[in-house]
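Enquirer:
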Amino acid sequence: VVTIQEGGGPAPEGTDDTGRAALDDLLSDWESNGYPDDIGGVFYDQETGKMTILLVRPGGAEREKELKALVPGIEILPCAYSYNELLRVQNEIIKEMSAQTAGNVTIYSAGIGYTTIDGKVAGFGESGKEFRVVVSVDESVYQETADRLYALYGDKVYVEAGTAPVPMIDGLVKPAPAKSNAPWTFALFAAALLAALATIFTLTRRHGRVLQTVNGNTVTTSGRSTRRQVEKAVREAAVSPGDAVFDRIKRDI
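For the sequence shown, our numbering gives the first residue as 3, with consecutive numbering after it.
1. Quick one: Cα of Glu162 to Cα of Tyr144, how far?
2. Excluding the 5 residues preceding and the 5 following Leu72 in the sequence, name in chain order all residues of the same chain whose CB lies nearer than 7 Å to its CB.
3. Could you tell me which residues DSSP puts in a beta bridge with Gly2?
4. So, are the CB atoms of Lys52 and Gly75 less than 8 Å apart?
5. Quick one: what's Leu79 bridged to in DSSP?
6. Is the beta carbon of Ser138 closer than 8 Å to that of Gly164?
7. Is it buried or exposed, Thr20, if we count other Cβ atoms within 10 angstroms and call 16 or more buried?
8. With distance defined between alpha-carbon atoms, name the residue in Val107, Thr118, Lys158 nearest to Glu141.
9. Does the distance from the C-beta atom of Leu89 to that of Ile109 stay below 8 Å?
10. Less than 8 Å between the beta carbons of Glu132 and Cys81, yes or no?
11. One question on the structure: do Asp40 and Leu57 come within less than 8 Å of each other, judged by their Cβ atoms?
12. Can you tell me whether Leu154 is buried or exposed, with buried defined as 16 or more other CB within 10 angstroms of its CB?
13. In this structure, how does DSSP classify Thr118 when only helix, strand and coil are distinguished?
14. Hey, out of Glu94, Ala101, Phe126, whose CA is closest to Tyr83's CA?
15. Could you work out which residue in Lys158, Glu64, Pro38 is closest to Ala112 when comparing CA atoms only?
16. Going by the beta-carbon positions, is the gap between Asn86 and Tyr46 smaller than 8 Å?
17. What did DSSP end up calling Val73 once you bin it into helix, strand or coil?
18. Ser138 bridges to which residues according to DSSP?
19. Name the residue from Thr147, Glu33, Gly42, Tyr152 whose alpha carbon lies nearest to the alpha carbon of Met99.
20. On the DSSP letters alone, give me the boundaries of the alpha helix (DSSP H) that Asp44 sits inside.
21. Could you give the C-beta distance for Tyr152 and Arg134, rounded to a whole number, given that I count them as a contact under 8 Å?
22. At what residues does the alpha helix (DSSP H) containing Gln92 begin and finish?
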């Protein structure tokens, strides 16, 4: 579930400890039981320094008052689409991604949130801070896919040209020999750790991605993991360097 988007900060200044605790409780409830149909998302606004809830109109003054009473210091910003609307669209596109055959993958990812234009994070809508379903496709099918998805979903979807997925391989690519054994050994462990962390943080964002393995199969992933699910994934993943790494370490020792 999309909560704090790219461009957000870890310690919002506009919400005190009470407000942050209340927001955490509210988000936990929404993530467990589903987002209300009038909520478009939650993000940290760097311009105002405050946590902000996107609220679908017509929410009215009463709904805004209710949310501000629940979360002291929260800001409210109007938006066109609810998170649930965008989620339904994303799920439909992910199904299409899953149906792609090996060797004919043209839709690479579908995520709810913002995009990046000229190196800067950019939102949508009149405020420039609303969420959309951002779909990355192969450049060769960009225009036809953009036209087709717009006909189906209107501006709920933003299509951009992306790059092909990198084939997944087992183990680590052996780097060039290091000048000394110790740095080379630690570099391999660092690479393995970074790979594990990259996988974990990818799972915490609301994206659907299609990956192609070395045998030609495609795998589609989606969804946002809760903290408990991430911790479980870390324990069960048991990511470690390949046997060749350990053989080299034993020789070095």
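C-beta: ideal position from N, C-alpha, C; glycine also. This one's a predicted model, so the numbers in the text were calculated from it and none came from an experiment.
Expert: So, from the data block:
1. Locating residue 162 in the sequence shown gives position 160, where the first residue counts as 1. Locating residue 144 in the sequence shown gives position 142, where the first residue counts as 1. Roughly 7 Å between the two C-alpha positions.
2. For this step, residue 72 is matched to residue 70 along the sequence shown. Cβ within range, chain order: Ala24, Leu28.
3. The first residue shown for the chain is 3 and the last is 255, placing residue 2 beyond what the model contains.
4. If you number the sequence shown from 1, residue 52 lands on position 50. If you number the sequence shown from 1, residue 75 lands on position 73. In contact: Lys52 and Gly75 (Cβ atoms closer than 8 Å).
5. Counted from its first residue, the sequence shown places residue 79 at position 77. Answer is Leu56.
6. On the sequence shown, residue 164 is found 162 positions in, with the first residue counted as 1. On the sequence shown, residue 138 is found 136 positions in, with the first residue counted as 1. The answer is yes: Cβ separation under 8 Å.
7. Within the sequence shown, the letter at position 18 stands for residue 20. Flag for Thr20 reads exposed.
8. In the sequence shown, residue 141 corresponds to position 139, counting from 1. Nearest C-alpha to Glu141: Val107.
9. Counting from one through the sequence shown, the residue named residue 89 turns up at place 87. Counting from one through the sequence shown, the residue named residue 109 turns up at place 107. No; because the gap between Cβ atoms is not below 8 Å, this pair is not in contact.
10. Within the sequence shown, residue 132 is the residue found at index 130, counting from 1. Within the sequence shown, residue 81 is the residue found at index 79, counting from 1. Yes, Cβ-Cβ distance for Glu132 and Cys81 is below 8 Å.
11. Looking up residue 40 in the sequence shown gives position 38. Looking up residue 57 in the sequence shown gives position 55. Yes; because the gap between Cβ atoms is below 8 Å, this pair is in contact.
12. Taking the sequence shown and counting its residues from 1, the one referred to as residue 154 is at position 152. So Leu154 counts as exposed.
13. Numbered from 1 along the sequence shown, position 116 holds the residue referred to as residue 118. Strand, per DSSP.
14. Walking along the sequence shown from the start, residue 83 turns up at place 81. The candidate whose alpha carbon is nearest that of Tyr83 is Phe126.
15. The residue labelled residue 112 in the question sits at position 110 within the sequence shown. Answer by Cα proximity: Lys158.
16. Within the sequence shown, the letter at position 84 stands for residue 86. Within the sequence shown, the letter at position 44 stands for residue 46. No. Outside cutoff.
17. Here residue 73 is taken as the residue at index 71 of the sequence shown, counted from 1. Coil at Val73, not helix or strand.
18. Numbered from 1 along the sequence shown, position 136 holds the residue referred to as residue 138. Beta-bridge pairing links Ser138 to Ser111, Glu162.
19. Counting from 1 along the sequence shown, the entry for residue 99 is found at position 97. For Met99, the nearest C-alpha among the options comes from Thr147.
20. To locate residue 44, count along the sequence shown from 1; it is residue 42. Per the sequence shown, the amino acid found at residue 44 is Val instead of Asp. First-last for Val44: 41 to 47, but that is the beta strand (DSSP E), not the alpha helix (DSSP H).
21. Within the sequence shown, numbered from 1, the residue matching residue 152 stands at position 150. Within the sequence shown, numbered from 1, the residue matching residue 134 stands at position 132. Tyr152 to Arg134, Cβ: 12 Å. No contact.
22. Working through the sequence shown from its first residue, we reach residue 92 at position 90. Taken as a continuous stretch (DSSP letters only), the alpha helix (DSSP H) holding Gln92 covers 85 to 100.
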